[in-house]
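Notes for the one structure printed next.
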Amino acid sequence: MIHTRRHGFTLIEVLLVAIVLAIIGAMIVPRLAGRSAVTVQLAAERVASMLSTYALRSSLAGQPVSLLRDGDTGLIEVWVLDIDPERPDLPPDWRLDRFSKPMLVPEGVTLTEFRANGERLMPDAWRVVSTPGLPRPRIEMLLTSDEDGSEVTVVLEPRGSAPYLIIAGKTDAIDRVPVDLDREGREKEIW
Numbered sequence: 114m115i116h117t118r119r120h121g122f123t124l125i126e127v128l129l130v131a132i133v134l135a136i137i138g139a140m141i142v143p144r145l146a147g148r149s150a151v152t153v154q155l156a157a158e159r160v161a162s163m164l165s166t167y168a169l170r171s172s173l174a175g176q177p178v179s180l181l182r183d184g185d186t187g188l189i190e191v192w193v194l195d196i197d198p199e200r201p202d203l204p205p206d207w208r209l210d211r212f213s214k215p216m217l218v219p220e221g222v223t224l225t226e227f228r229a230n231g232e233r234l235m236p237d238a239w240r241v242v243s244t245p246g247l248p249r250p251r252i253e254m255l256l257t258s259d260e261d262g263s264e265v266t267v268v269l270e271p272r273g274s275a276p277y278l279i280i281a282g283k284t285d286a287i288d289r290v291p292v293d294l295d296r297e298g299r300e301k302e303i304w
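Right under this line is the structure:
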């Protein structure tokens with residue numbers, strides 16, 4: 114009796130492989146899809162940290178402070194109009210702030226919109242200057258995921274010490290409501 118070799122797979126074997134691949138895909142795809150939203154949020158938090166440094170420097174410094182995005186490198190940096198300590202006879206010049214680290218928007222995330230006091234500026238190159246004694250400009254930066262279009266807006270108010278994030282239309286800002294302490298009977302309260 115001659116035995117012939119079987120070539121190919123049975124229908125049951127093909128179905129089992131398809132089911133196993135579907136289960137693995139169902140577990141992996143949501144994790145990969147959620148990554149782009151997390152990447153945008155992490156980028157927004159890094160931008161918020163940079164804006165916090167800008168806010169701190171502009172509120173404490175006696176000289177102008179600027180937030181700059183270099184069009185060639187894409188770096189976002191904090192600069193200070195300062196005198197060179199090695200050449201104090203020269204007029205002040207813009208110098209990179211030594212207390213802040215320049216940042217680059219990560220790959221897969223795009224700074225799609227930048228506004229200063231409501232004015233839309235080119236998102237790839239800009240400079241916003243804060244002058245001592247004048248209100249700092251309101252800054253809004255819209256970051257978008259290149260993969261799925263997730264968006265996060267980072268907002269720094271003129272008198273705010275830290276920016277807040279707007280994710281999917283929801284903000285993490287604290288709503289401040291004025292309270293008349295006299296009317297509430299709290300006029301003698303120490304605060």
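Heads up, the sequence shown is in the numbering used here, so the first residue is 114 and it goes up one at a time.
For glycine and all other residues, C-beta sits at the position ideal for the given N, C-alpha and C.
Beta strand (DSSP E) segment containing residue i, residue limits
i	result
D206	206–209
V218	Run containing V218: none; DSSP gives neither H nor E here.
I252	252–258
Y195	The sequence shown places Asp at residue 195, not Tyr. Where D195 is concerned, the enclosing beta strand (DSSP E) stretches over 188–195.
S274	Per DSSP, S274 belongs to no beta strand (DSSP E) and is neither H nor E.
L234	232–234
V178	178–182
S243	239–243
Given residue i as reference, the closest of the options once Cα atoms are compared
i	options	result
T225	L278, W207, I137, G262	G262
P245	P219, L134, P177, A229	P177
T186	L164, P219, S274	P219
L256	V222, A275, P271	V222
M267	V127, I136, I252	The sequence shown places Val at residue 267, rather than the Met named in the question. Nearest C-alpha to V267: I252.
W192	M140, R211, L134, G184	R211
R272	L134, P248, I136	P248
R182	E300, K214, Q154	K214
A168	H120, F122, S243, I279	S243
Per-residue burial, residue i [other beta carbons within 10 Å of its own, 16 or more giving buried]
i	result
S171	buried
V160	buried
D237	exposed
S274	exposed
M235	exposed
F227	buried
A131	exposed
R265	The question names Arg, but residue 265 in the sequence shown is Val. So V265 counts as buried.
A135	exposed
Backbone secondary structure at residue i - three-state DSSP
i	result
V153	helix
T264	The residue you asked about is not Thr; residue 264 is Glu in the sequence shown. Looking at E264 - three-state DSSP - the assignment turns out to be strand.
A281	coil
A174	coil
T225	strand
Neighbourhood of residue i by C-beta distance below 7 Å, restricted to the same chain and skipping five residues each side
i	result
A156	V218, P219, V222, L256
T152	P219, G221, V222, S258
P276	A161, L164, S165, V267, V268, L269
Residues of its chain near residue i, where Cβ-Cβ distance is below 6 Å and the 5 sequence neighbours each way are ignored
i	result
P250	A229, N230, V241
M216	R159, M163, I189
L194	Q176, P177, P205, W207
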